[in-house]
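Please read the structure below before turning to the comments.
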Amino acid sequence: MTKEQLQSLLESLTLEEKVGQLVQCNAGQFIKNQMEITGPEGEMLPAEDLNRVMGSVLTFEDASQAKALQEKHLAADPKKIPLLLMLDVIHGLRTTYPIPLAIGCSFDDSLMAECADMARKESAACGVHVTFNPMVDTARDGRWGRIMETNSEEPLINSRMGAAVVRATQGEDLGNPENVACCVKHYAAYGAGEAGRDYNGVELSERILRETYLPAYKACLDAGARLVMPSFNSLNGVPSVANKWLMNKVLREEWGFGGVVISDYDAVGELVTHGVAEDLKDAARLAMEAGCDIDMVKNAYYLHLADLVREGAVSEEALDRAVFRVLSLKNELGLFENPLRGADEEKEKALYLCPAHREIARRAAEESAVLLKNDGILPLPRTARRLALIGPFAETQHLVGFWSRPGAWKDAVTLPEGIRALAPDTELLIETGCSAAIGDTDESGIMKAVAAARAAEAVILALGEKEDDSGEGRSRAELTLPGMQLELARRVIEANPHTVVVLFNGRPLALTKLEKIAPAILEMWYPGTEAGNAAARLLFGEANPCGKLSVSLPRSVGQLPMSYSRMNTGRPKPGPDSQAFPFSSCYLDTPNLPLYSFGYGLSYTDFAYSSLTLDRETLEKGGSLTVTVTVANRGQAAGKEAVQLYMRDLKASVVRPVQQLIDYKKVFLAPGETARVTFTVTEPQLRFWNFDCEFVSEPGTFALSTGFADHLILTKTFEFL
Ligand code: BGC
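Residue 183 is where the sequence shown starts when you use our numbering, and the numbers rise one by one after that.
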C-alpha cells in the first residue's frame, strides 16, 4: 500500500477500530495452545468482539495456528486488516541454540548472527511477524534470573551482538516473508533492579544510565529494529511504560525512533499496582501519553481508550499517530497483500532440527562453553573402558533453558547420547546422585553415585541449576549450586579424583567451594538442542573450548552487583592479593575480585601474547590509531582465541573505569601458527558522559592493554590531544 492508501485506511476506521489496532491478545484466547503465559491474564472479554478488532496476538505455536488465527480474524474484521503475530524467539525456535548469556561468551558477533539467522528462518516458517528479541539489558547481578537472556554485563558486547541479531533477523527488506521484525527490549535498565529481584525498581543517575544501560538499545535501533518494549521496572520513580522522559524525550525525540512501542505483558495495567495510576483507565491515559502504541494483554486500551479520546483526555491525533505506526509496520511486512506471509507447514518440517541447523546449534554450544579450570585431566581419552556419568544433569534432556518453546527440551541430545556417539566402546555408569532442586536435602542417592565413581576410570559430574530456576521471575538470593550438589561433588571427587565437573546453568554462579575441590570445570550454560553432542566433543577434545566469560563469576553473593569495569576509589585496595587493610575499599572476609574474571577462559592449547604496538603515540579528533598484538598458538591443538582490547582513561573530569573493553576479535590458529591481530582506536571510543551529562572526550593519557579483566598485559599508552 502507498502511504496515501494507508492514510485513507486509517481515516476509514471507526474509533473502536482504531483502538483495536493497539490491542494485543493472547493467542490462547482464540485457539488451544500450550504456550506459557508470563503474567496475569487481562479481564476475560468476549473473544468474538476482540477478534473482530484486535490488531495483534502473541504466543502461538506453529504455522497452522498462525494461519488459523489470521483467517479467523480476517473473516470477522470488516476492514480486513491483518493481524500482527508476535512470539518470543529468544534462543532459537525449534532448533534451540545456547542461551544469550552463553553466546556472549563466544565473543563472536558473527556466530550470534548465524544463530539469529537460523531462528529467523524457522520463525518465518512458523508464521512469526515480530519476535520479542533481542533482549539487551545489561546486567551485573547474577541474582536476577533474566541475566540468562542477555549477552553480557558489558554494554559493548550487548550492543554488537544485539545489532547483529537485528540485522540477521530483519534482513535487508522486511517485505520479504523470510524476514522477521525485531522488538528490542526491555527499555530501560531492567537488568539493574534493586537487589537483583525481578520487576524491582531502578534508581540510576542519568550519566550511568546513558553510559551503561542505554547504548545497547540504541545500537539495536541504529541497526534498524522496528519495535521497542519498555521494561516492567520503574526508572527513577516512574515505570518505563509511562516514563515520558525515557519514551518521548530520549527514544522518540533524541533518537528519532519512529517505530512501534509495545508494552510488556500487562505492564500498562501494572501502573495501577505500582501506584502511579488511579485505575485502568488512568493507566491507559498515562501509557498513551508516554507514546506506548500497543497494550499487551491487559485490555486497558480496549476498555478505556475510546472513552479517553471522546472525553478529550487523549487526543485523536495521538491515537492516529499510534495506529498509523502499527499499520505502517503491517504494510512494511507485506501483510495486506500476503496476510499468511511466511507461515508454511512444509517449510517448518524441512527446517526444524534439520542437519544444517543442528550443526550451527552444536558449534554455537561448543564455542559458548567456558573451560574454567583444568588440572590436566581434560580432554578425556576416548579409550576409557568405563566412565561414570553422575549428577542431576547426567541423563536429562532439560538442557535448553528458559524462553524456549514448550517441549523444546524433548529434542535435546543428552550427555550419554553425545558420549556414546564419540566413544561407543566406553561403558557408562549413570547415577543421578541427587536433584538440583532448590532446598532439596535428599542425600539418599549419593552412596550409589560414589560406588559408580569408584568403579570408573574417570567421572563426568553434571551439575547445575534446573532449567526453570533461571529466567523471568526466577531471582535467587544464593548463588551456590542448589540442593545437595556440592556434597555430591565432595564425595564423588573423594572417591575418584579423576572427576570433571560439567555445569548447566543460566546465571553466573558462585563456585568458590566447588573450585577448591574440582580438578576440572567446564561451564556449558544451557547449550540447547545439541547439548550432549557439544559437551561430549569438548570433553573428549574433538572440539577445543574457546569461550571467555562475558560476565564475572563472583566468589559470593555479597560482592554483587559487580562488574569488571568498576570505577576506582580514592582508597583502592593496594593489590588484589594484598592483605585487606581496614581503611581501603575492601571486604574483611572475601577478596574484591571475582572468582573468575570477565574475559577469562581456558583452552586445550596455549596462546602466547607479545608485542602490543601502537602505530602512533598521539591521537586527535578525526584521526585513528592502529593497535597490533601478536598472538601465537604454542600448544598442540588448533584453537580459537578471543583477543580483547582494554582501555583506561588515566585522568578525566569524572571517575573512569579501571578497565574497559573497547574491542574484541576472535582468531583461529593452528598449532604453531602466529597472527598479528589489529584494532583501530578512534576518538568516539574515548567518549564518556561527563558530570553535566554531555557525551565528550577529554585530552589526556590513555592506556591500552590486552589479556582479560583483572589480568591486563602488554600495556601501552597514548596521548589524546
Ligand atoms: C516478558 C517479555 C516477553 C513478554 C511476552 C513478558 O513477561 O517480560 O520479555 O517478551 O512477556 O511473552
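Built from N, CA and C at the ideal position, the CB exists for glycine as well.
Residue i (DSSP reduced to helix, strand or coil)
{"i": "TYR381", "result": "coil"}
{"i": "GLU435", "result": "helix"}
{"i": "GLU654", "result": "coil"}
{"i": "LEU197", "result": "helix"}
{"i": "PRO264", "result": "coil"}
{"i": "PRO397", "result": "helix"}
{"i": "ILE542", "result": "helix"}
{"i": "GLN189", "result": "helix"}
{"i": "LYS898", "result": "strand"}
{"i": "THR241", "result": "coil"}
{"i": "CYS402", "result": "helix"}
{"i": "TRP707", "result": "coil"}
{"i": "GLY723", "result": "coil"}
{"i": "LYS480", "result": "coil"}
{"i": "ALA209", "result": "helix"}
{"i": "PHE506", "result": "helix"}
{"i": "LEU832", "result": "coil"}
{"i": "ASN815", "result": "strand"}
{"i": "TRP585", "result": "coil"}
{"i": "ILE272", "result": "coil"}
{"i": "ILE844", "result": "strand"}
{"i": "GLY889", "result": "strand"}
{"i": "VAL310", "result": "coil"}
{"i": "TRP427", "result": "helix"}
{"i": "LEU661", "result": "coil"}
Through-space distance from residue j to residue i, alpha-carbon basis
{"i": "GLY473", "j": "ALA377", "result": "29 Å"}
{"i": "THR332", "j": "ASP651", "result": "16 Å"}
{"i": "GLN189", "j": "LEU509", "result": "9 Å"}
{"i": "LEU731", "j": "PHE780", "result": "5 Å"}
{"i": "GLY202", "j": "ASP446", "result": "17 Å"}
{"i": "GLU519", "j": "ARG325", "result": "47 Å"}
{"i": "SER738", "j": "PRO701", "result": "20 Å"}
{"i": "ASP365", "j": "LEU356", "result": "The amino acid at residue 365 is misidentified as Asp; the sequence shows Cys. Their Cα atoms are separated by approximately 13 Å."}
{"i": "ASN430", "j": "PRO756", "result": "46 Å"}
{"i": "GLY286", "j": "GLU354", "result": "24 Å"}
{"i": "CYS728", "j": "PHE884", "result": "29 Å"}
{"i": "LYS426", "j": "VAL239", "result": "26 Å"}
{"i": "LEU799", "j": "PRO679", "result": "In the sequence on display, residue 799 carries Glu and not Leu. Taking the straight line joining both Cα atoms gives about 52 Å."}
{"i": "LEU693", "j": "THR860", "result": "35 Å"}
{"i": "VAL496", "j": "VAL809", "result": "55 Å"}
{"i": "GLY558", "j": "ALA677", "result": "18 Å"}
{"i": "ARG251", "j": "ILE281", "result": "Note that residue 251 is Leu in the sequence shown here, rather than Arg. Cα to Cα, the separation comes out at about 29 Å."}
{"i": "TYR687", "j": "PHE242", "result": "It is worth fixing the name first, because residue 687 is Asn in this sequence and not Tyr. Those two C-alpha atoms are separated by around 27 Å."}
{"i": "ALA717", "j": "ARG564", "result": "14 Å"}
{"i": "LEU517", "j": "LEU691", "result": "45 Å"}
{"i": "LEU668", "j": "THR812", "result": "41 Å"}
{"i": "ASN400", "j": "TRP437", "result": "Reading the sequence as shown, one finds Lys at residue 400 and not Asn. Taking the straight line joining both Cα atoms gives about 8 Å."}
{"i": "ALA637", "j": "ARG673", "result": "14 Å"}
{"i": "VAL318", "j": "ASP404", "result": "14 Å"}
Cβ pair residue i, residue j closer than 7 Å
{"i": "THR787", "j": "ALA819", "result": "yes"}
{"i": "THR711", "j": "ALA543", "result": "yes"}
{"i": "TYR372", "j": "ASN415", "result": "yes"}
{"i": "ASP461", "j": "PRO743", "result": "no"}
{"i": "TYR778", "j": "LEU581", "result": "no"}
{"i": "ALA824", "j": "TYR846", "result": "yes"}
{"i": "PHE900", "j": "PRO881", "result": "no"}
{"i": "ALA713", "j": "ARG719", "result": "no"}
{"i": "ALA525", "j": "ALA248", "result": "yes"}
{"i": "VAL362", "j": "GLY375", "result": "no"}
{"i": "CYS297", "j": "ASP244", "result": "no"}
{"i": "TRP585", "j": "ILE272", "result": "yes"}
{"i": "THR394", "j": "PRO337", "result": "yes"}
{"i": "LEU896", "j": "LEU794", "result": "yes"}
{"i": "SER767", "j": "PRO754", "result": "yes"}
Any C-beta of chain D under 7 Å from that of residue i
{"i": "LEU535", "result": "In the displayed structure, chain D is absent; only one protein chain is listed."}
> What residues does ligand 1 have around it, judged by CB closer than 5 Å to any heavy atom, in chain order?
Replying inline: In chain order, the hits are THR220, ASP270, PHE314, ASP446 and TYR447.
> If we count Cβ pairs, one from each stretch, closer than 8 Å, do we get three or more for the region 566 to 580 versus the region 612 to 627?
Replying inline: Yes: at least three Cβ pairs fall under 8 Å.
> Do three or more CB pairs link the region 450 to 464 to the region 416 to 423 at distances below 8 Å?
Replying inline: With the cut-off at 8 Å, the region 450 to 464 and the region 416 to 423 touch.
>> For the region 639 to 648 against the region 662 to 671, do three or more pairs of beta-carbon atoms, one drawn from each stretch, fall closer than 8 Å, so that the two count as touching?
In response: Short answer: they touch.
> Is there contact here, the region 829 to 843 with the region 801 to 821, by at least three beta-carbon pairs under 8 Å?
Replying inline: By the criterion of at least three beta-carbon pairs nearer than 8 Å, the region 829 to 843 is not in contact with the region 801 to 821.
> Is the region 198 to 212 touching the region 487 to 505, taking contact as three or more C-beta pairs under 8 Å?
Replying inline: The region 198 to 212 vs the region 487 to 505: in contact.
>> Quick test of the definition: if touching needs 3 or more C-beta pairs under 8 Å, does the region 287 to 306 touch the region 585 to 603?
In response: Contact fails: fewer than three Cβ-Cβ distances are below 8 Å.
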